[in-house]
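Let me begin by presenting the structure, written as structure tokens, before commenting on it.
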Amino acid sequence: MILDRFKLTDQVAVITGAGRGIGAATAVALAEAGADVVIASRTSAQLDEVAARVAAAGRRAHAVPADLSAPEAAAELASTAVTEFGRLDLVVNNVGGTYPRPLLESSVDFMEEAFRFNVATAHALTVAAAPALVKTGGSIVNISSVMGRLSGRGFAAYGTAKAALAHYTRLAAADLAPRVRVNAISVGSVSTSALEIVVGNPELKEKMESATPLGRIGEAEDIAATVVFLASRAGGYITGKILEVDGGLQAPNLELGLPDLG
Numbered sequence: 002m003i004l005d006r007f008k009l010t011d012q013v014a015v016i017t018g019a020g021r022g023i024g025a026a027t028a029v030a031l032a033e034a035g036a037d038v039v040i041a042s043r044t045s046a047q048l049d050e051v052a053a054r055v056a057a058a059g060r061r062a063h064a065v066p067a068d069l070s071a072p073e074a075a076a077e078l079a080s081t082a083v084t085e086f087g088r089l090d091l092v093v094n095n096v097g098g099t100y101p102r103p104l105l106e107s108s109v110d111f112m113e114e115a116f117r118f119n120v121a122t123a124h125a126l127t128v129a130a131a132p133a134l135v136k137t138g139g140s141i142v143n144i145s146s147v148m149g150r151l152s153g154r155g156f157a158a159y160g161t162a163k164a165a166l167a168h169y170t171r172l173a174a175a176d177l178a179p180r181v182r183v184n185a186i187s188v189g190s191v192s193t194s195a196l197e198i199v200v201g202n203p204e205l206k207e208k209m210e211s212a213t214p215l216g217r218i219g220e221a222e223d224i225a226a227t228v229v230f231l232a233s234r235a236g237g238y239i240t241g242k243i244l245e246v247d248g249g250l251q252a253p254n255l256e257l258g259l260p261d262l263g
């Protein structure tokens, strides 16, 4: 049956930034598809909640509280998966993010921090995981952003870093083919803690929804379902691609209102 292609029975995944939002939804979705998971984020209590949801789906979770802004901490997750579960089939590089900031207030240090958190961390885990993924014929899914291809004031650091992650995906896919597939998801506006201010403000929420072709803000499960597709045999003939899961956006759906200079 075609639905069998979406199963991940007895596979093992590492998900960074898995304490809430897209990472948490992805961990649960992978468990529901049959995978055991290594989940990592800063907050132990959040990881415990996600682990309980994974257990309710009948799979195992190993939680790793860690500050993943340090690339070496992310790299250690690959060996943790092999130690705990005996194999590694999937890496989801989800951790990342950078606060909006006007261009002239974005220091070199701020730009470097954005690249370290959004690109270097993903690279560190990718390199560390590659030998295990080669053995299993596994895959990597990087979580990029719509702001890596759209233009909006205030996103020079974040958007540039996410654009770099998207092209890193293409380059890594070439290096790791044919044994390991590497893809990314260009995520649009998704209802997570990062959008709490918008979702909690009916006026801003309506403005954002009306500027989105599909007329709604995305859900974390929209992204999690795409990860399952890309990781499974259903997406087995896809590598080096950036899937745009953004409600059809061709322009930012909420401007920050930063003024002209002068």
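Taking the numbering used here, the leading residue of the sequence shown gets 2, the next gets one more, and so forth.
All C-beta atoms in this analysis are idealised placements derived from N, C-alpha and C, irrespective of residue type, glycine included.
Helix, strand or coil for residue i per DSSP?
i      : result
GLY248 : coil
ASN1   : Look at the range of the chain in this structure, 2 to 263, and you will see that residue 1 is not part of it.
ARG182 : strand
SER187 : strand
ILE239 : coil
ILE218 : coil
PRO101 : coil
ALA46  : helix
PRO203 : helix
ALA195 : helix
ALA64  : strand
ALA58  : coil
LYS8   : coil
GLY149 : helix
ALA212 : coil
Considering only the beta carbon of each residue, do residue i and residue j sit closer than 9 Å?
i      : j      : result
SER145 : ALA131 : no
ALA14  : PRO72  : no
THR17  : LEU69  : yes
VAL191 : THR240 : no
GLY139 : LEU78  : no
ILE224 : ALA185 : no
LEU48  : GLY20  : yes
GLU256 : ALA26  : no
LEU250 : ILE218 : no
ALA75  : VAL51  : no
PHE86  : ARG61  : yes
THR247 : VAL147 : Reading the sequence as shown, one finds Asp at residue 247 and not Thr. Against a cut-off of 9 Å, the Cβ pair of VAL147 and ASP247 comes out as a contact.
ARG43  : ALA64  : no
VAL83  : ALA133 : yes
ALA162 : ALA115 : yes
GLY59  : ALA28  : no
ALA34  : VAL199 : no
VAL135 : ARG180 : yes
LEU259 : ARG150 : no
ALA226 : ALA30  : yes
TYR169 : ALA123 : yes
VAL39  : THR81  : yes
GLU113 : SER187 : no
Where do the ends of the alpha helix (DSSP H) carrying residue i lie?
i      : result
VAL128 : 122 to 137
VAL228 : 221 to 232
LEU91  : Here LEU91 belongs to no alpha helix (DSSP H); instead the beta strand (DSSP E) covers 91 to 94.
PRO72  : 72 to 86
THR170 : 157 to 177
THR27  : 22 to 33
PRO253 : Where PRO253 is concerned, there is no enclosing alpha helix (DSSP H), given that its DSSP letter is neither H nor E.
ALA113 : Going by the sequence as given, residue 113 is Glu instead of Ala. GLU113 -> alpha helix (DSSP H) spans 109 to 116.
Is it buried or exposed for residue i, if we count other Cβ within 10 angstroms and need 16 for buried?
i      : result
GLY189 : buried
VAL1   : Lying outside 2 to 263, the shown extent of the chain, residue 1 is not represented and no answer is given.
LEU262 : exposed
MET2   : exposed
ARG6   : exposed
TYR100 : exposed
ARG102 : buried
TYR238 : exposed
ASN202 : exposed
ALA158 : buried
LEU104 : exposed
PRO253 : buried
Under DSSP, the beta strand (DSSP E) around residue i begins and ends at which residues?
i     : result
SER42 : 37 to 42
ALA14 : 13 to 17
Counting Cβ pairs closer than 8 Å, one from the stretch 196 to 211 and one from the stretch 105 to 113, do we hit at least three? no
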